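S.K.: Residue numbering for the sequence shown is -23 to -1, 1 to 181, as defined by mature numbering (1 follows the signal peptide of the UniProt record, and there is no 0).
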Amino acid sequence: MMNALKARRVAVLLAVVLGSASAAIPAPRPTANMVTGNVTSQPIGHYEFCQRHADECNIRFGSTTPAKVTSYGWDMIHQVNSSVNHRITPKTDMEVYGQEEYWEYPVDAGDCEDYALQKRKELAQKGFSLSDLLITVVRKPDGEGHAVLTVRTTDGDFVLDNLTDDVKIWFDTPYTFLKRQASFNTGRWVTIEDGREVLVGALR
């Protein structure tokens, strides 16, 4: 009887210790660079943008290794993000163009994807490769679709967002990441495999 009771106490103690150890193990942290998957559907707004700017949407790259960004480069990233955010007035596509999902370089007003396009253009003019400047579709915590610019670097993938002047590594943002431009072709899009939570679908 005593042996059975002692064995039971040992089993309970062991379960508590193992349970505490298990609880102390942190959840896997996303990688600094997003893990992308297969080629997926192109957002309709980008497809129509490519019809108007065909020369920008069939640029292919042999190497897709992210670039190392210098101190000067980081200054440019922060400067462009803040400058575009403050120069462009936020307005919907319906307000600016009279239709939904119209992606275009903004003149003085636009919505999220227009900000992303302008930042991409300005950073490319400063020497960044288009293979590292990727428009990315995300879902906000309230479920609304949103677009940002991802800058790929050897330090990780960083997000330039019209909703904040802060440049953050992708997993420190509040978004669910759905898909982005492919780093190997400016006209193709790929899924994001570790985009946080369960992806319920991609915007079309």
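Heads up, the beta-carbon is just placed ideally off N, CA and C, and yes, glycines get one too. Predicted, not measured: the structure shown is a model, and the values here were computed from it.
#1: Can you have a look at I36 and say buried or exposed, based on whether 16 or more other CB atoms are within 10 angstroms of its CB?
#2: Among the residues of its own chain, which have a CB less than 7 Å from the CB of H55, if the five just before and after it don't count?
#3: Give the DSSP bridge partners of G22, in chain order.
#4: Looking at the structure shown, is F148 part of a helix, part of a strand, or coil, going by DSSP?
#5: Rounded to whole angstroms, what is the Cα-Cα separation between W166 and S160?
#6: In this structure, does DSSP put V167 in helix, strand or coil?
#7: Should the segment 42 to 53 be regarded as contacting the segment 125 to 139, the criterion being three or more beta carbon pairs within less than 8 Å?
#8: Could you name the residues of the same chain whose beta carbon sits closer than 7 Å to that of V115, not counting the 5 residues immediately before and after it, in chain order?
#9: Leaving out five residues on either side along the sequence, give the residues of the same chain with a beta carbon under 7 Å from the beta carbon of T69.
M.R.: With the given structure in hand:
#1: With fewer than 16 other Cβ atoms within 10 Å, it is exposed.
#2: The answer, listed in chain order, is V144.
#3: Looking at the DSSP assignment, G22 forms no beta bridge with any residue, so it has no partner.
#4: Correct three-state label for F148: helix.
#5: Looking at the two C-alpha atoms, the distance is approximately 9 Å.
#6: V167 carries a strand assignment under DSSP once its states are collapsed to helix, strand and coil.
#7: In this structure the segment 42 to 53 touches the segment 125 to 139; the number of beta carbon pairs closer than 8 Å is three or more.
#8: These residues qualify, in order along the chain: H123, V125, Y152, T153, F154 and L155.
#9: Counting only residues of its own chain and dropping the five nearest sequence neighbours on each side, T69 has a CB closer than 7 Å to the CB of D88.
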